[in-house]
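Notes to accompany the following structure.
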Amino acid sequence: ATRNFGAALFKPYGISTASADISKAKLKLNYAGGNGRTYTIENKIKQLSYFTSVPNGARILGTIEVNGVAQPNFIELGLNHPERKILLHCNPLLFTNYHMLHATDGQYAVQALAQLSHTSYFLWDGYGTERRYTTPPQDGSVWDTLNYILKNKSLAAALFTFMAAILLLFGVNYKRIHRHIPIHYKPKNNSLAFMKMVSNLFMHEENHIDLARYRVNYLLDKIRQRYNVNTAEINQDFKLKLAQKANIDPKELDILVAQFQKVRTLKQMSKEGFLSFSKLIESHIHKLDIYHGIRK
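As numbered in the working numbering, residues 1 to 296 make up the sequence shown, in order.
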């Protein structure tokens, strides 16, 4: 079935067609299964075609009534071989699913195709594939593909979503790569270094006055934590507040306070003096209960 009877296949036969506006088509089949029966079909297309010129020797298999005159619309062409022939129908839409769903239309299609019941090979071409043969082949370009995608709303939306995701991924990844990441080193335990420093002061340099000052600062720090007493100034006020909070006689702190003040002013201290000072510190640590209640 075809509408293009000007194709090279049909040019030798001198076939021509015409169209007419027909709202109710009266179709007639003139062979075996048709038995001259007329099929009246409601035409939704409003236009049907028929042959205005057919070659000599062509067999008219069906007609359509146009202005009260029966015009051929279904013909058979012989190919100089008893088992080879060409069947041409002017209205291929009558064989589509739309018409097959209607009773009369379906009966017409079945009876028309009954002529092919003993055919081994059936070629249905020419309708819907005309562009393949009338336009030269072209290699699709990128722009053709892009135009096709942009004309389709779903494909265009998918394309823009994909591009947005790529740009977002690039932006986030670029920021992550170029952002300065600080280096966090593992905390170092400086206790051993401190011990070495103190031992060097005591054993190698015999710097007893610095050792004594370290002991004073250490003890004052523990007093500040234990009793919440201001240790910036070692004076009479400091002694009274500490004695009150430690619940001891202020006179017991006279020697300790005097030693604190002395260490801060001395420039040198002998080994014996440092040992004597250390014993004084140890005794007052126990007397003041320094380590009770202190978070270690």
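Note that CB positions come from ideal geometry on N, CA and C, so glycine has one too. If you're wondering where the values come from, they're calculated on a predicted model, not measured in any experiment.
Selection N91, V54 and G106 evaluated against K46 yields N91 as nearest (Cα-Cα). By the C-beta density criterion, Q236 is exposed, having fewer than 16 other C-beta atoms within 10 angstroms. Of the residues F51, G36, D210 and L27, the one whose Cα lies closest to the Cα of E42 is L27. Looking only at K196, I64 and K271, the smallest Cα-Cα distance to R37 is reached by I64. Listed in chain order, the non-local C-beta contacts of Y108 below 7 Å within the same chain comprise L27, Y39, I41 and L94, local neighbours out to five positions each way being set aside. Of the other Cβ atoms in all chains shown, fewer than 16 fall within 10 Å of the Cβ of T265; this residue is therefore exposed.
For Y98, the enclosing alpha helix (DSSP H) starts and ends at N97 to M100. Put simply, the backbone Cα of K11 is about 50 Å away from that of F160. In the DSSP assignment, V69 forms a beta bridge with V66. Here I255 has L280 as same chain residues with Cβ atoms under 8 Å from its own Cβ, once five neighbours each way along the sequence are excluded. A contact between stretches requires three or more CB pairs, one per stretch, nearer than 8 Å, and the segment 80-87 fails this requirement with the segment 99-108. Under the Cβ criterion (8 Å, minimum of three pairs), the segment 217-225 does not count as touching the segment 266-278. For the segment 237-283, the full-length alpha helix (DSSP H) segments reaching 4 residues or more read 254-265 along the chain. Distance from the CA of P72 to the CA of N56, rounded to the nearest whole angstrom, comes to 14 Å. Rounded to whole angstroms, the separation of the alpha carbons of W143 and V66 is 48 Å.
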